[in-house]
Amino acid sequence: MTAANAPLMHHFDRRTKRLAKGILSYAFDRWREQPPLDGPRPEPDLRAEAGETVTAAGIGGARALEIWRDVLAPACISADHPAVLSYVPAAPSEAASMFDIAISATNVFAGSWQEGSGAVFAENEALRWLASIAGMPETSGGVFVSGGTAGNLSALIAARWRWRQRAAGRHDRTRGMIVTSQTAHSSVAKAAAVMDADVADVAVDDRGRMDGASARAALAALAPADRERVFAVVATGGTTNVGIVDDLRGVGEAARDAGAWFHVDAAYGGAAMVAPSRVALFDGIGEADSYIVDPHKWLFAPFDSCALLYREPSLARAAHMQQAAYLEPQQLADEWNPSDYAHHLSRRARGLPLWFSLATYGTDAYRDAVETTLRVSEQATELIRSSGHLELVMEPQLSVVMFRRRGWSTEDYYRWSDRVLRDGVAFIVPTSWKGETVLRICIVNPMTEARHIAAVVDSLATAP
Ligand SMILES: *Cc1c(COP(=O)(O)O)cnc(C)c1O
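Under the numbering used here, think of the first position of the sequence shown as 14, with each following residue one higher.
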């Protein structure tokens, strides 16, 4: 195809119509049929099969779509496959995944009320529900950012802003300090590094859980000058490695008594607040100054989506709002501008898939779906406990199950992990616990059944 007969980029002509049908029918098939697990392939193989795709004349949408469907998409692990149990998988609901297409077609600028009021309204409805399940006040508010990493950073920037503001100039050049545990997600330490802040460690119990007494002890152990530097205490609502929820009430009280901002990172585990069987674990989260939960993890939204909620949004706004002549027109009225509540400006309405899914199915369906994954996690725990060759590392609280294979070396675990992915059985990568290589599975997909876990348990019986 030459440039002369290529479709015009911004015209919906006959050829564009055919392309639209092709893309929608690809999407339709992808929703209807669960593809195999798939997996990564070497770059030279992909280059050989895909060929030159970015050329002066273009290869045409039909050909590009074919390459995506036949070569590139199968080189991506199907994160929504029921046997994907690594890291934190993703399982968008049908409605959430489908509506993502509508958002792309509309291309709303969702940074300001002026440009995106309808989208911002709907996102705020979803945020209101997320505040309510945590028991945060009606006046809470926030924004959807790309992920937990961005959410933690933005929350901590707001926390530091409040600390400096309260110090009325005394701490403008003081290096701040964040108090948290080693079992907090790596993004907390990364946020500290980005902000040039220090991290003070809180001791944890043998499951990696932080409680109020240890948070108080860590604060009390600081030199007075260091205690002055503490601007935030971060607790975890479901650690990534083992899914253990910190003592949120106790840690929150310790933070408040120290005059520090209390942030709860519930990126993975926060979804369990919709489950009556687990909600008590989150007692105290309603007192947080900020909290995050990733809808792209266990709330059935596609990537990328993290909900960031603040108890007092005006503080976050003061910390994050960008000032410029060209932004003034959208800042004149006292309206809700999502850009003002995190470290970003332009943004996609990435909260809308969650909103549409909540509106479609109702919050009861969320409760039931999360409970379903918890039941399967309990069945997985029983399968592991009752097998002779496996051993639980600890009793799970949420949907992460950590276990060891008796007698295996680190190499055995990695060899097995490669093999089960290649064989299309499951995607499970090793992790470590107190220096020992072990396995963990994380169940967030309501389509994951006990039989998927049973197949994993069986495949661990023989040599890797
Ligand atoms: C996954 C996770 C994060 C990071 O979230 P991303 O969306 O991957 O950036 C942060 N904290 C916890 C507890 C997590 O589980």
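For each residue, glycine too, the CB sits at the ideal point set by N, CA and C. The structure presented is a predicted model; accordingly, all values stated were derived computationally and were not measured.
For ligand 1, a non-hydrogen atom lies closer than 8 angstroms to the CB of Asp307. The stretch 421-437 makes contact with the stretch 46-55; the number of CB pairs closer than 8 angstroms reaches 3 or more. Checking the 8 angstroms criterion, the Cβ of Asn137 is out of range of every heavy atom belonging to ligand 1. Here the alpha carbon of Asp347 sits roughly 20 angstroms from the alpha carbon of Arg360. In the three-state reduction of the DSSP assignment, Asp431 falls in the helix class, which pools H, G and I. Per DSSP, Thr193 is one residue of the beta strand (DSSP E) stretching across 190-194. In the same chain as Asp425, and ignoring 5 residues on each side of it, the C-beta atoms closer than 6 angstroms to its own belong to Pro477, in chain order.
For Lys30, the number of other beta carbons within 10 angstroms of its own is below 16, and it is reported as exposed. Relative to the non-hydrogen atoms of ligand 1, the Cβ of Gly160 comes within a distance shorter than 8 angstroms of at least one. In this structure, Gly364 has its CB at a distance of at least 8 angstroms from all heavy atoms of ligand 1. Nearest to Arg186 by C-alpha distance, out of Trp176, Val451, Asp377, Ala108, is Trp176. Remark: three or more beta-carbon pairs, one from each stretch, lie closer than 8 angstroms, so the stretch 258-266 and the stretch 296-313 are flagged as touching.
With a cutoff of 8 angstroms, Thr444 does not count as near ligand 1, since its C-beta is closer than that to no heavy atom of the ligand.
Per DSSP, reduced to three states, the secondary structure at Met149 is coil, with no helix or strand assignment.
Ser390 has its alpha-carbon roughly 13 angstroms from the corresponding atom of Val469. As a beta-bridge residue in DSSP terms, Arg417 pairs with Glu404. Around Glu266, the same chain offers Gly225 as residues with beta carbons nearer than 7 angstroms, after the five sequence neighbours per side are excluded. In this structure, the straight-line span from the alpha carbon of Asp218 to that of Asp353 is close to 38 angstroms. Following the DSSP letters along the chain, one finds Phe112 inside the alpha helix (DSSP H) bounded by residues 107-119.
CA-CA distance, Gln195 to Glu62, rounds to 44 angstroms.
With the rule of 3 Cβ pairs closer than 8 angstroms, the stretch 87-94 does not count as touching the stretch 445-453. Here Trp446 is bridged, per DSSP, to Glu449.
At a Cβ-Cβ threshold of 9 angstroms, Ala147 and Asp302 do not count as neighbours.
Cβ-Cβ distances below 7 angstroms link Met334 to Asp353 in the same chain, with the five nearest sequence neighbours on each side left out; the list follows chain order. Listed as beta-bridge partners of Phe440 by DSSP are Val97. Of the heavy atoms belonging to ligand 1, at least one sits nearer than 8 angstroms to the Cβ of Lys310. Three or more beta-carbon pairs drawn from the stretch 313-320 and the stretch 99-119 are found closer than 8 angstroms, and the two stretches are therefore classed as touching. Beta-carbon to beta-carbon, Ala231 and Val201 are separated by about 15 angstroms, too far to satisfy the 8 angstroms threshold.
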